[in-house]
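Start counting the sequence shown at 15; every next residue gets the next number (our numbering). Down below is the structure, laid out as structure tokens.
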Amino acid sequence: MDYAVLTGIVLVAGVVLALVAQWRDWRPPLVVAILVGVVVRVLIMYTSAIDTWQPVDFVNSFRPAGEAVLRGEDPVLASEGGWHFLPTIPYMYGILLWLGIPWEFAGRLVTVVADIVLIPLVAKLAGGPKASLRALQYAFNPLAVLVASVHGQVEPVALVFGVAAFVVARGPGDPHRPGVVTDVVARVRRGVAAYGVRASVPRVIGRGGMLHRALLPAEDDRAHLRRGALAGLLMGLALCAKSWPIWLVPGMLLLLPNLRSRVAALFTTGLVPIFFFVTLPIFAGTSINQLPAVIDTIRDIRPIVGEWGWTPWFTGGSWDLRPELASFGTNLIYVCVVLVVLWWRRADPIDMTTAVLLIFMVVTPRLGAQYLLWFMPFLVARPTRFAWPAILGCSFWAAYGYLVMTQFDSGGWWLQHTYWSRASIVLLPVLLLALPWDRRNATAHGLASSVSDRATVRSSA
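Written out as structure tokens, the structure reads:
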């Protein structure tokens, strides 16, 4: 990488300014935060685009998908397995390439624009008097700059729609919301104890029962349904960018005001990916008999491990096809996510989502550095006591991979990788500490004052 020193200086300066802003409690106008984010991202995008080093997947996976759209071919099949998702982003690539923009700029322009839009969305997500401070800190976030401007990875596109879905689902009013406030299981148990099982069933699911009453129109029903439908539409677009935003759906649903709006959100969330899939023959030139092959390609995820966390210690720090490790880690993710959702079910849904994304990073068997961006908008918007150690630790680890390891030839890179991947295990306890442990019950604790900002800066020192 030719401009590693310049990129490193910009990132370090941004981190220093973000920490000083936290310490001095700077609250600049939102437009200032956006302009700062634009300058930093466009500068690094330009130097990365003219660099002699380009990320392998950016050239060999993303570019063929965009060129396939330009030729009127299916981007999933024509990229020969390089693109494993719906064609939403390749459509954008194809349009930019059609306009004559060189790939090195066109491929990054999609992610940089999305990451810039995330800056005001982080402010909205944070809410309250420090919203603009959080926007400024995300504008300086080093991992976001690396992923969007250097790598051109598509995480910012998935995040911009996912975070927007959260903002829409929460709607106006207090930015801090409780999670699950009704203990349905306890109510059912009380009903069974009082009336018996047979008599309790119609009281729960029968006409006039608990479920029936929950589905009846309430005050402002149309507004709530529109809000749910729009939030679901945005979340559906996030799922069209990549599949991982499925982990954001529970938090979005809990932010909606009632069951009817949640049903509307689920409907539109599923409708959008279905639309992009069934219209492949119209917009992507896919023949109908190729659709099963597209599904198989999207579902085909090779069990490559050894990049992050605990799996490199089983592979010697190298990539390896280890189905048993991938399978165990995947099942561990499901178990841990369910436990986190149950443990944080009464928390603000944003805090619950932060906990879900952080625990995923702790237990996952396979991860690219760009995955670490998943939790960044949520953790920056609602920092915990150990938020900044987690942000700085993950950013430093990723920056070493992007800026230092790219200075070596192939043999040197692989040698560095064996140390770099195994060193990531040090970050796992930091991510665990960064979970919102003291915000598990939104009704029992004042979320706005639960963590001192000055204490957060001290803990990152």
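Heads up, the beta-carbon is just placed ideally off N, CA and C, and yes, glycines get one too.
Classification of residue i by the beta-carbon crowding that lies within 10 angstroms, buried from 16 upward
i, result
"residue 21", "buried"
"residue 199", "No answer about residue 199 holds up, because its pLDDT of 49 lies below 50 and its placement is not dependable."
"residue 313", "exposed"
"residue 289", "exposed"
"residue 337", "exposed"
"residue 144", "buried"
"residue 433", "exposed"
"residue 389", "buried"
"residue 411", "buried"
"residue 234", "exposed"
"residue 407", "buried"
"residue 132", "buried"
"residue 456", "buried"
"residue 248", "buried"
"residue 129", "buried"
"residue 237", "exposed"
"residue 422", "exposed"
"residue 83", "buried"
"residue 187", "exposed"
"residue 66", "exposed"
"residue 85", "exposed"
"residue 437", "exposed"
"residue 34", "exposed"
"residue 426", "exposed"
"residue 353", "exposed"
Cβ-Cβ distance between residue i and residue j below 9 Å
i, j, result
"residue 349", "residue 370", "no"
"residue 286", "residue 156", "no"
"residue 47", "residue 140", "no"
"residue 183", "residue 108", "no"
"residue 253", "residue 259", "yes"
"residue 239", "residue 278", "yes"
"residue 125", "residue 170", "yes"
"residue 118", "residue 167", "no"
"residue 301", "residue 431", "no"
"residue 366", "residue 231", "no"
"residue 150", "residue 50", "yes"
"residue 449", "residue 398", "yes"
"residue 162", "residue 116", "no"
"residue 15", "residue 416", "yes"
"residue 305", "residue 325", "no"
"residue 123", "residue 36", "no"
"residue 25", "residue 413", "yes"
"residue 323", "residue 377", "yes"
"residue 368", "residue 392", "yes"
"residue 386", "residue 173", "no"
"residue 490", "residue 250", "Outside the displayed span of the chain (15 to 475) sits residue 490, for which this structure offers no information."
"residue 98", "residue 309", "no"
"residue 311", "residue 319", "no"
N-terminal and C-terminal residue of the alpha helix (DSSP H) that residue i is part of
i, result
"residue 118", "117-140"
"residue 181", "169-184"
"residue 146", "145-153"
"residue 164", "Where residue 164 is concerned, there is no enclosing alpha helix (DSSP H), given that its DSSP letter is neither H nor E."
"residue 74", "It is not in any alpha helix (DSSP H) - residue 74 carries neither H nor E in the DSSP assignment."
"residue 440", "Where residue 440 is concerned, there is no enclosing alpha helix (DSSP H), given that its DSSP letter is neither H nor E."
"residue 395", "390-395"
"residue 282", "273-292"
"residue 235", "235-255"
"residue 41", "Neither: residue 41 is in no alpha helix (DSSP H) and is coded neither H nor E."
"residue 265", "263-269"
"residue 401", "401-413"
"residue 416", "Here residue 416 belongs to no alpha helix (DSSP H), and DSSP marks it neither H nor E."
"residue 159", "156-159"
"residue 106", "102-112"
"residue 89", "89-92"
beta-carbon residue i near the ligand ATP non-hydrogen atom, thresh 8 Å
i, result
"residue 424", "This structure lacks the ligand ATP, and indeed carries no ligand of any kind."
Any C-beta of chain D under 9 Å from that of residue i
i, result
"residue 437", "This model lacks chain D altogether; it includes just one protein chain."
Give a yes or no on contact between the segment 173-182 and the segment 121-137, applying the rule of three or more CB pairs nearer than 8 Å. Three or more beta-carbon pairs drawn from the segment 173-182 and the segment 121-137 are found closer than 8 Å, and the two stretches are therefore classed as touching.
Do the segment 91-110 and the segment 73-83 make contact, defined as three or more Cβ pairs closer than 8 Å? As far as the Cβ criterion goes, the segment 91-110 touches the segment 73-83, which means the pair count is three or higher.
Would you call the segment 30-42 and the segment 438-456 touching, i.e. three or more CB-CB distances under 8 Å? With a cut-off of 8 Å, the segment 438-456 and the segment 30-42 do not count as touching, because too few Cβ pairs lie within range.
4-residue-minimum alpha helix (DSSP H) runs that sit fully inside the segment 313-368, ordered along the chain: Runs of the alpha helix (DSSP H) inside the segment 313-368: 326-329, 337-357.
Contact between the segment 382-391 and the segment 327-344 is defined here as three or more beta-carbon pairs at a separation below 8 Å; is this criterion met? No: the two stretches stay apart, fewer than three of their Cβ pairs being nearer than 8 Å.
Does the segment 184-192 come within contact of the segment 358-366, defined as at least 3 CB pairs closer than 8 Å? These segments touch.
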